[in-house]
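Per the working numbering, the sequence shown starts with residue 4, numbered consecutively.
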Amino acid sequence: MKNRSVDFVYMCDLRSERLGEVLDIFLDIFDNVSDVSLLLITPNSEISKISTEVDNILKKIQFTNNVSNISIQGYNDLEELSSLINKKSFVIDDSIDKEELKLKLKEIYLIRKNIIFIDPKRFTGINLYDIEWERYRRFKRVADLIRKDFPDKEKLIILDAGGDDGLLSAFLPEHYVFLIDERTTGGKIESIELSSNFFDIVTCLDVIEHIPISHRKECIEKLATLASRKLYITFPHNVNAQEFVYHFTKNRWLEEHLINGIPTEEEIERYLYELGLNNFKKDYYCYIGTWISMMANIHNLPYEKFKELNCKINELEEFDHHPPYLRVVFSIDTDNYSKKQDRSYQSETKELDFTGERMVPGKADQATELQHINRYRYVKDLVKDMIVLDVACGEGYGSNILAESAKRIIGVDISEEAINQASKKYIKENLSFKVMDAEELDFDDNYFDVVVSFETIEHLEKPYKFLKEVKRVLKPGGLFIVSTPNRDLASLGSPIPLNKFHKEEWTFEQFVKLIRHYFPESEFIGQYAYYPWEIHKNATPRDLFYIAIAKKEIETDNKTPTPSFTSIVILTLNNLEYTKQCIESIRRYTPEPYEIIVVDNGSKDGTIEYLESQPDIRLIKNPTNLGFAMGNNIGIKEARGDYIVVLNNDTIVTQGWLTRLIACAESDPSIGIVGPRSNYVAGNQIVKDVPYGNDMNAMEEFARRWSLENSGKYEETVRVIGFCMLIKRGVIEKIGGFDPLYESGNFEDDDFCIRAIRAGFKIKIAHDVFIHHYGSKTFASEKINYTESMLKNWERFKKKWGIPSGWTIDKGIPILELVKGGFDREKHYVPLDITPLRVEGMRSRNFLGKLNPATVKWFLNSYKTEDDVALILYEEDPDSSYEKLLKIIDKLGYKPESVPDIIIYSDKLSRLEEPRLIASMDGIINTHQIDKEWLEWARRLGKEIIEV
């Protein structure tokens, strides 16, 4: 016998009928536990026979582990018997029944581990309804779930981990509840050392949020190992509500939540999947509004603060993405979990390595895991009660998630190793796995309700063959849900994938074309390229992954409309911080498919460097400031959208802005242009005396309320201001772009609207869209005299539209008169391209340069008198330049009448006319005198640059 204190003593002889039962119970509880012992005491005369009987019992119950913690000792008389029994030992009484014995053995042993049995009788006389509302809801909800999950009358042994005073026992008096708590029993969860499956159930109620994030997964794993059947975890998951209440109350427990990091559902689910705890359910409780109100009362907040809390309750209920409950409870199946952690089991079901070809939970990084798991979680509700095929299921984690709601699911993968692991790891009645090639699906036609295939198509040699097979096995009307990475982000736009396992990747347009070739009824959603990798409606070029939800056609005329694509054109000239705010607001509040095209008019403040670092932005760099009209026209020319939004860079868009602008545009086919309301704008679009000042959070709140109050309100008008215009593609095709006549700005938007109305389009103000506009930031930063610019353009505007010269600007634009009459394309169409500037005397080939010997020499050496070519020399003083030219020709040995045409061009050019002059040339002769901006334009416009 080992030299250790004896914990349990059982006196037996050959007549003992319970020896087998005692051994079975002891070994079931204390298998592989080294710090507990059982001493069998028997008369000396029966030691040999009892030893044989023990061996036979162990064989009968098929127990083959080490039993060094069981020993046999003989005695001759009562005095010797008394000396064998340690005063601290528990003597097993034959009168105790089997279940009571189990409990007693555990209770005595657990005391040593600072885990105590909580007798529900200790709560006798306590009215449970007097307990704080929050705690009552917690214990009541978990107790109800346990009774629902275990409807039989069996008595369960439960560990309440971190349960403070053990109150759970009062809610489950029919079961045995043990408690470990650092304050109450002196025991810590992380220091529990017990054998696997020691308890039927483990609960961990509102504890996980008090544990640092770095230790949460380890804590869950330990508790799951102890629970032979179920683990229940509750925690507050609504971050917004807790942060808000803490702001007012400074509650110390909320402070600890915030310091440790409030758990999210996604975080806990990720841990569970990584640990192989794939079978769980979620339930919500503790309504946010009631909780906030209770906290306000507990902390005696004054009335004004309570009013703010009441406002927050309404806001959280309306706008929060989570269910309107503060807490969530996870009910987690732990059957066989400890077995799966056993080394022999793990060696039998060796985990796949993560190579980058397929995702393996627990082996890939957390970001990769969350990306993949979120896709399956998103479609889980779509496959409810359906027969589902998961193509390229890998090691089976996704099929297992879908099995929670599907009627039946089959996961297939070409890897035999992956399927072997999936079959052993994920066991459900409605789930099975098969080895199969995605391009040759061995199923009957029209068999599945849904086919799911995430991150597969880019791995295939013949994606078209795969799509044909999917269409074949789908039932008419069935869904095909498929995802792929965005080539522009995943491989930085390269046609050669960076991932060595990918055969081909697609841009958004290519992916749409590929899927709709086989599934015309398809819609496309996106998955953000940043944490928490959420999936949202309508894919955009900034998404890391695209997901198609395609439907196999049924013979019907009903077609699912596809979302419109919008091009957002932004003009920049310095003011980087405003540009950043504008772009970030677009990303935050634009779920629709869109692209951002930024046309930069020569920024010098880091704007270009910032824009070049943004993978979702198409940047066009102008070497100089071309003004509002021409700059926007260049962007519009590159736009691919059904709608074009011209948007100032000193704006901040708000929630639902594009959704509502498009809704207004689509409310009437004749509408061509839509504008929003704003704080800084002229005419009927102005919202006067906005209440938010410089507080952009308050602005967003104001915009939300404004949009709700004015939902669906539209007003026809004769003009909208160009700080934000939604324009239908058909308007651009018919009337062209903005007129560059107006240079830096003012009246180009009025001009555009007049031409649109004359062409037959209507203009509307969408009163339910509010966009913040800082206003005139480019005029201010570039020190442009706004009044001078306006008056100058007013004269141009009057001349173009035939307004009497004596009509002053204070009288306003006679726009109701100007919109009368038809649209004359020859007169009113404004091309988007830079229109070449014709110079008198130009030939079929023309070169631009500055007057110097090198330029003239190159020209005279390259061309003869009879060639249909001209050299245009741009000089401000024609007389002196002509004399200088004659001297150069003479010095080079030529006569003026025997050289090709050389033209001195001296008209003073504006910055808008310079690129027009270059556009009319075939090439530019580059010498030290040539302006660098001319060379930039020449490159942009594809002109030849001759180095001399």
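The beta carbon of each residue, even a glycine, is placed where N, CA and C say it ideally should be.
What you are looking at is a predicted structure, and each value in this text was computed from that prediction instead of being measured.
Asked                                                                                                               : Found
Buried/exposed call for residue 504, threshold 16 Cβ in 10 Å                                                        : exposed
Meets three-Cβ-pair contact criterion under 8 Å: the segment 845-854 and the segment 812-828                        : no
8 Å Cβ cutoff met for residue 599 and residue 611                                                                   : no
Counterpart residues of residue 598 in DSSP-defined beta bridges                                                    : 570
Residue 109 burial status per 10 Å Cβ neighbour count (16 or more: buried)                                          : buried
Neighbourhood of residue 634 by C-beta, 7 Å cutoff - its chain only, sequence neighbours within 5 removed           : 574, 602, 604 and 625
Given residue 675 as reference, the closest of 378, 219 and 761 once Cα atoms are compared                          : 761
Beta-carbon proximity of residue 452 to residue 391, cut-off 8 Å                                                    : yes
Terminal residues of the beta strand (DSSP E) in which residue 484 lies                                             : 477-488
DSSP state of residue 553 mapped onto helix, strand, coil                                                           : strand
Assigned exposure category for residue 790 - 16 Cβ within 10 Å defines buried                                       : exposed
Inter-residue CB distance, residue 666 and residue 742 (contact presumed, cutoff 8 Å)                               : The pair is not a contact, with the Cβ atoms about 30 Å apart (cut-off 8 Å).
Beta-carbon proximity list for residue 718, same chain, < 8 Å, skipping 5 on both sides                             : 687, 767, 768 and 770
Residue range of the unbroken alpha helix (DSSP H) whose run includes residue 57                                    : 50-63
Helix, strand or coil at residue 898 [DSSP, three-state]                                                            : coil
Euclidean distance between Cα positions of residue 725 and residue 450                                              : 55 Å
Proximity of residue 800 and residue 870 at Cβ, strictly below 8 Å                                                  : no
Whole-angstrom distance between residue 472 and residue 357, CA atom to CA atom                                     : Note that residue 357 scores 46 on pLDDT, short of 50, meaning its location in the model is unreliable and no value can be drawn from it.
Proximity below 8 Å, CB of residue 946 to CB of residue 927                                                         : yes
Residue 215 versus residue 186: straight-line alpha-carbon distance, rounded                                        : 18 Å
Sequence-distant residues of the same chain with beta carbon closer than 6 Å to residue 201, five excluded per side : 229
Length at least 4, wholly inside the segment 623-675: the alpha helix (DSSP H) runs in chain order                  : 630-641 and 660-668
Extent of the continuous beta strand (DSSP E) to which residue 434 belongs                                          : 434-438
Where the alpha helix (DSSP H) through residue 396 begins and ends                                                  : Per DSSP, residue 396 belongs to no alpha helix (DSSP H) and is neither H nor E.
Three-way DSSP call (helix, strand, coil) for residue 762 in this model                                             : coil
Where the alpha helix (DSSP H) through residue 424 begins and ends                                                  : 419-428
Beta-bridge pairing of residue 77 - partner residues as DSSP gives them                                             : 45
Secondary structure of residue 207, DSSP reduced to three states                                                    : strand
Burial state of residue 940, where buried means 16 or more other Cβ atoms lie within 10 Å                           : buried
Residue closest to residue 102, alpha-carbon to alpha-carbon, out of 24, 114 and 46                                 : 24
Residue 641 versus residue 843: straight-line alpha-carbon distance, rounded                                        : 32 Å
Cβ-Cβ distance between residue 622 and residue 614 below 8 Å                                                        : yes
Those residues which DSSP pairs with residue 904 across a bridge                                                    : 873
Classification of residue 570 by the beta-carbon crowding that lies within 10 angstroms, buried from 16 upward      : buried
Euclidean distance between Cα positions of residue 402 and residue 435                                              : 9 Å
Status (buried if at least 16 other CB within 10 Å, exposed otherwise) for residue 379                              : buried
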